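Novice:
Numbering (the UniProt record's numbering), first residue to last: 1 to 137.
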């Protein structure tokens, strides 16, 4: 099985319309605190915050699937994984799929997307560049 990339706006639409949809933000605590978070209030939800890699060493979170279960995420939920640019979230989605979660999606271009010509993120593609709701923590 493979994990499909889903555009940020399609993810937002799914989160607002499907009560079984869940956004799993797999970035680090530092990213959540200093870069921002998707604001899912309009959808009546909160993102589930589970790091895929543990800061500062950035080793893979060996308890990732256990943290999903502890957060109340079940195999019946439709999971949308988010990171900075779409790479860590793809790895996390694949791990969730291997752990028995069948409905997994990777949010294309992540929260900030690729850098622009000046090296800044959040302008070219991704959740922020799409103008989707987000907030500082």
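Glycine included, C-beta positions come from ideal geometry on N, C-alpha and C. Treat the numbers as computed from the prediction; the structure is a model and nothing was measured.
According to DSSP, simplified to helix, strand and coil, what is residue 81?
Specialist: By one-based count along the chain shown, residue 81 stands at place 81. Residue 81 falls in the strand class under three-state DSSP.
Novice: Going by C-alpha distance, which of 84, 131 and 121 is nearest residue 24?
Specialist: For the purposes of this step, residue 24 is identified with residue 24 of the chain shown, where counting begins at 1. Measuring from the Cα of residue 24, the nearest candidate turns out to be 84.
Novice: Who are the Cβ neighbours of residue 98 in its own chain at under 7 Å, not counting the five residues just before and after it?
Specialist: Here residue 98 is taken as the residue at index 98 of the chain shown, counted from 1. For residue 98, where only same-chain residues beyond five positions count, there are no Cβ hits under 7 Å.
Novice: Give the DSSP-derived three-state secondary structure of residue 132 in the structure shown.
Specialist: The residue labelled residue 132 in the question sits at position 132 within the chain shown. Three-state result, residue 132: coil.
Novice: Along the chain, where does the alpha helix (DSSP H) that runs through residue 4 open and close?
Specialist: Reading the chain shown from its first residue, position 4 is the one you call residue 4. It is not in any alpha helix (DSSP H) - residue 4 instead sits in the beta strand (DSSP E) that spans 4–6.
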